[in-house]
Amino acid sequence: MKEVYLDYSATTPVKKEVFEEMAPYFTEHFGNPSSLYKIASESKEALNLARKRLADLINASPEEIFFTGSGTEADNWAVFGTLDAMKKKGNHMITSSIEHHAIMHTAQYLMKRGIDATFLSVDKEGIISPAELEKSINDKTVLVSLMMVNNEVGSIEPIKELALVAKKHGVLFHTDAVQALGNVPIDVKELGVDMMSLSSHKIYGPKGVGALYIRKGVRISNFVHGGAQENKKRAGTENLAGIVGFGKAAELANKNLTDHINRLTELRNYFIDRVKGSIKDVNINGSMDHRHPGNANITFNYIEGEAILLLLNEKGIYVSTGSACSSASLSPSHVLAAMGVPVEMIHGTIRFTMGDFTTKEDLDYTVEALKEIITKLREVSSVSEEKGW
Ligand SMILES: *Cc1c(COP(=O)(O)O)cnc(C)c1O
17 MKEVYLDYSA
27 TTPVKKEVFE
37 EMAPYFTEHF
47 GNPSSLYKIA
57 SESKEALNLA
67 RKRLADLINA
77 SPEEIFFTGS
87 GTEADNWAVF
97 GTLDAMKKKG
107 NHMITSSIEH
117 HAIMHTAQYL
127 MKRGIDATFL
137 SVDKEGIISP
147 AELEKSINDK
157 TVLVSLMMVN
167 NEVGSIEPIK
177 ELALVAKKHG
187 VLFHTDAVQA
197 LGNVPIDVKE
207 LGVDMMSLSS
217 HKIYGPKGVG
227 ALYIRKGVRI
237 SNFVHGGAQE
247 NKKRAGTENL
257 AGIVGFGKAA
267 ELANKNLTDH
277 INRLTELRNY
287 FIDRVKGSIK
297 DVNINGSMDH
307 RHPGNANITF
317 NYIEGEAILL
327 LLNEKGIYVS
337 TGSACSSASL
347 SPSHVLAAMG
357 VPVEMIHGTI
367 RFTMGDFTTK
377 EDLDYTVEAL
387 KEIITKLREV
397 SSVSEEKGW
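Going by the numbering used here, the first residue of the sequence shown is number 17, and it counts up by one from there.
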């Protein structure tokens, strides 16, 4: 059976070049980078090359890159670390109502422990307003954390303008750029951000590796305590092969960025046009002007996304629903809810995300499958439609 993977925002396959570069670091080059002999210094050099490659992708200095165990850990570190380091100044953080759970649940956890958090709203396209941010800053605000690209609807946030507002008020600015990395150009200096979370497995690198960019001079407490790794800021023996893979993936992303963006934008627009042209009553969620190049988030009115997902799965097509980003949960997406999408429409929403191995044939196959599936499900649900859905 044909298989079509359209869930690149959930994870990506490791590219062959990446895997080949990693392989020797499991076997021949296994030295602990913290040791003091030859095979250890080779490991140390490999870490530094990866650090340089990732730094180059976002225009940072290598000393500003700290590897972590995931994008989630980088997000947790940015929030816990700055609130701890700045606790004499204040206990207020500002984030948004469309963040990834790695930020959202961290903020909610901290609210039970004396931290005050504000969740900024978004407009109907999922865009955060710099003016609303400015109004929410008070003299206890020590951190603003706003994502660069949303993982569900793909909206690209005005990070430069938002970071400028924070800077004007002397507040640290963190951005979760996990979905942005390798999909939009990133220049930390141009953006003016203080911290940025990154993850390897969303850019064709291995899972279980992330990084936090920390601008030189930013005060942040450690989150993982122990040894002196990562310039004494993140303890734990490094995931050497994983970091080597992340570095290689970053190098490839940097080299191919423009082609990658152009190719995905064309595929994505082709897909959206074909869906709109062949299926009635569909809505595209999110901004078309400020959007992740590989994201199509589509509501199929009057039916359940879960049912669509399962029928697509039977045809070997893999997607996500609008019922949170992990399909294990049936609660409606907080992102679509924040954008004002009615709950019954959220339940009919599917996220299709494309990547480097997606082809036009994959998308044609998917459109044909959707036509059949949507027709079938709408016949079944025509009763609910009559009820006024
Ligand atoms: C995937 C993702 C994360 C989490 O990264 P992991 O490396 O999977 O922990 C955080 N934020 C966003 C926006 C993501 O898409």
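Beta carbons: idealized from backbone N, C-alpha and C, even for Gly. This structure is a prediction, so every number in the text was calculated from the model and none was measured.
Asked, Found
"Report the rounded CA-to-CA distance for S112 versus D203, giving the unit in angstroms.", "22 Å"
"Quick check: the Cα distance between M212 and A193, rounded to an integer number of angstroms?", "6 Å"
"Under the criterion of a Cβ to heavy atom distance below 8 Å, does V34 qualify as lining ligand 1?", "no"
"How far does the alpha helix (DSSP H) with T274 in it extend, from its first residue to its last?", "L256 to S294"
"Residues bridged to S336 by DSSP?", "R367"
"Would you kindly report the start and end of the unbroken alpha helix (DSSP H) that includes M211?", "No alpha helix (DSSP H) holds M211; the beta strand (DSSP E) holding it covers M211 to S215."
"Is T111 near ligand 1, with its Cβ less than 8 Å from a heavy atom?", "no"
"Roughly how many whole angstroms lie between the Cα atoms of M304 and M164?", "16 Å"
"Classify A269: buried if its beta carbon has 16 or more other beta carbons within 10 angstroms, exposed otherwise.", "buried"
"Determine the contact status of I319 and R367, defining contact as a CB-CB distance below 9 Å.", "no"
"Would D155 and F189 qualify as a contact pair, given that the criterion is a beta-carbon distance under 9 Å?", "no"
"So, helix, strand or coil for H185, using DSSP?", "coil"
"Between which two residues does the alpha helix (DSSP H) carrying G97 extend?", "G87 to A101"
"So the candidates are D289, F82 and S152; which of them puts its Cα closest to the Cα of K248?", "F82"
"Does the beta carbon of D9 fall short of 8 Å from some heavy atom of ligand 1?", "Given a span of 17 to 405 for the chain in the structure shown, any question on residue 9 remains unanswerable."
"Can you give the beta carbon distance from M38 to R235, rounded, assuming they're within the 8 Å contact cut?", "34 Å between Cβ atoms; not a contact."
"Taking only runs that begin and end inside the region 23-77, name each unbroken alpha helix (DSSP H) of 4 or more residues, in chain order.", "32-38 and 54-74"
"Do the CB positions of G221 and V30 come within less than 9 Å of each other?", "yes"
"Taking 9 Å as the cut-off, decide whether the C-beta atoms of T382 and H308 are in contact.", "no"
"Hey, would you say the C-beta of S50 is under 8 Å away from at least one heavy atom of ligand 2?", "For the structure depicted, ligand 2 is absent and the ligand set comprises only ligand 1."
"Would you identify the three-state DSSP class for H314, choosing helix, strand or coil?", "Inspection of the sequence shows that residue 314 is occupied by Ile rather than by His. Strand, per DSSP."
"Can you give the Cα-Cα distance for A244 and E80, rounded to whole angstroms?", "16 Å"
"Going straight from the alpha carbon of V186 to that of V34, what length do you get?", "It is worth fixing the name first, because residue 186 is Gly in this sequence and not Val. Taking the straight line joining both Cα atoms gives about 40 Å."
"If you check the beta carbons only, do A118 and G85 fall under 9 Å apart?", "no"
"Quick check on K392: buried or exposed, where buried means 16 or more other Cβ atoms within 10 Å of its Cβ?", "exposed"
"Within a Cβ cutoff of 6 Å, which residues of the same chain sit near D91, ignoring the five residues on either side of it in sequence?", "A118, I119, D192 and S213"
"For my contact list, I131 and M109 are in at a C-beta cut-off of 8 Å; report their separation, rounded to the angstrom.", "6 Å"
"Within 10 Å of its beta-carbon, does V396 have 16 or more other beta-carbons around it, so buried, or fewer, so exposed?", "exposed"
"In three-state DSSP terms, what is A12?", "Residue numbering for the chain in the displayed model covers 17 to 405; residue 12 lies beyond these limits and cannot be assessed."
"In chain order, what residues of the same chain have a beta carbon less than 6 Å from the beta carbon of Y21, not counting five sequence neighbours either side?", "Y334"
"Taking 8 Å as the cut-off, is the C-beta of T234 nearer than that to any heavy atom in ligand 1?", "Checking the sequence shown, residue 234 turns out to be Val, not Thr. No; taking the cut-off as 8 Å, the Cβ of V234 has no heavy atom of ligand 1 nearer than that."
"So S294 packs on K387, CB below 8 Å; how close in whole Å?", "6 Å"
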